[in-house]
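Numbering (this note's numbering), first residue to last: 16 to 361.
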């Protein structure tokens, strides 16, 4: 693939301080830039907000979408990129995609879906299937939904991290804990799928001294630099997906926690050791009882816990950094496939 390529990132840029270190697109953009490519970022919803004098999302989408499309498409036309990243921004739909193709017919359009159950997001499958390439941190039946809807190419790609920011910080006592959880207690789709580990274990851990929970069970949310500090100060980071039967699929907790230097205790999913090895980079459990037993054991064996935490952090930095993930995507752009430690995908 030639260098530099021109890559336009069109997505829903967030302005919430709590989201600053979990937004994947700036990290991916950095990866492409460090490979030598020219990258421009434009926020679809931010453009709409600039055009409209109203704060109402409903009014904006009804009366200002056409103008937003016009502005965004003209930007794309003048930049004339080789590749256009399409984020799942509110209001950006299949019609927007067609307008972009009409004005920039040679550009390859690609996207990245980071959520399970894409059918629960209005227009998600329709939009994703209209792209030339869709990468997805979800896998299995979720990817099959895109393929059945006509997606040209849909491939698994794990969550990325940015070692410049996602690393272990030196923190004071207020951020130190034995075990950490951040996020919802469960998603409705997970409940419908019969997943109960999150609810069961979080209720148990919430009663234990030294365990810190954020974002559920009436505990406050956490974000921004506080999020990274909380991970850095915890001995064990608990990672349980909303669904744990999908091969290779983990939420971004899996890589965030490991990258920031806590020992990850994760619910096992099929093929998960292709991502990180058990008792070397992370520690996996199969049942609620095993999770509780492993937590007790590692809190009593600091050297063993720290060894996994350190090796996991280094492996995560080496394997899932934004430059490496961007390289895999460029392989797909050039050859239609990529090969990684977790498999070959085409």
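Here a beta-carbon is modelled for each residue, glycine too, at the ideal position from N, C-alpha and C.
Classification of residue 143 by the beta-carbon crowding that lies within 10 angstroms, buried from 16 upward: buried
Span separating the alpha-carbon of residue 233 from that of residue 226: The alpha-carbon atoms of residue 233 and residue 226 are separated by roughly 14 Å.
Inter-residue CB distance, residue 125 and residue 98 (contact presumed, cutoff 8 Å): 6 Å
Buried or exposed (CB count within 10 angstroms, at least 16 for buried), residue 158: Residue 158 comes out buried.
3-residue-minimum beta strand (DSSP E) runs that sit fully inside the region 146 to 184, ordered along the chain: 148 to 151 and 169 to 171
Spatial neighbours of residue 213 in its chain, beta-carbon cut-off 7 Å, leaving aside the 5 residues before and after: 200, 201 and 255
Beta-carbon contacts of residue 335 that lie in its chain and below 8 Å, excluding the five residues immediately before and after: 173, 174, 175, 176, 270 and 274
C-beta atoms of residue 251 and residue 278 nearer than 9 Å: yes
Residues bridged to residue 281 [DSSP beta-bridge criterion]: 254 and 299
Cα-Cα separation between residue 100 and residue 92, rounded to whole angstroms: Roughly 14 Å between the two C-alpha positions.
Segments of 4+ residues assigned as alpha helix (DSSP H) that fall wholly inside the region 184 to 266: 203 to 207, 212 to 220 and 239 to 247
Of the listed residues 283, 312, 95 and 311, nearest to residue 300 (C-alpha basis): Of the listed residues, the one whose Cα sits closest to residue 300 is 283.
Beta-carbon proximity of residue 131 to residue 257, cut-off 9 Å: yes
Other residues of its chain near residue 346: CB distance less than 8 Å, five sequence neighbours each side excluded: Non-local beta-carbon contacts of residue 346 in its own chain, meaning distances under 8 Å to residues more than five positions away in sequence, involve 352, 353 and 354 in chain order.
Per-residue DSSP class, three states only, for residue 319: It is helical.
Close beta carbons around residue 218, own chain, < 6 Å, minus the five adjacent residues each side: Counting only residues of its own chain and dropping the five nearest sequence neighbours on each side, residue 218 has no CB closer than 6 Å to any other CB.
The region 61 to 77 in contact with the region 299 to 318 per 3-pair CB rule at 8 Å: no
Under the three-state DSSP convention, the category residue 119 falls into: The answer is coil: DSSP assigns residue 119 none of H, G, I, E or B.
DSSP state of residue 385 mapped onto helix, strand, coil: Because residue 385 is not part of the residues shown, which for the chain are 16 to 361, the question remains open.
Given residue 359 as reference, the closest of 280, 203 and 289 once Cα atoms are compared: 289
Three-state class that DSSP yields for residue 361 in the structure shown: coil
Anticipated Cβ contact below 8 Å, residue 51 with residue 19, distance rounded: 5 Å
Three-way DSSP call (helix, strand, coil) for residue 77 in this model: helix
Same chain, Cβ closer than 6 Å to residue 60, neighbours up to 5 away in sequence not counted: Cβ contact annotation for residue 60 (same chain, cutoff 6 Å, sequence separation greater than five): 27, 104 and 105, in chain order.
Span separating the alpha-carbon of residue 356 from that of residue 88: Computed Cα separation, rounded: 38 Å.
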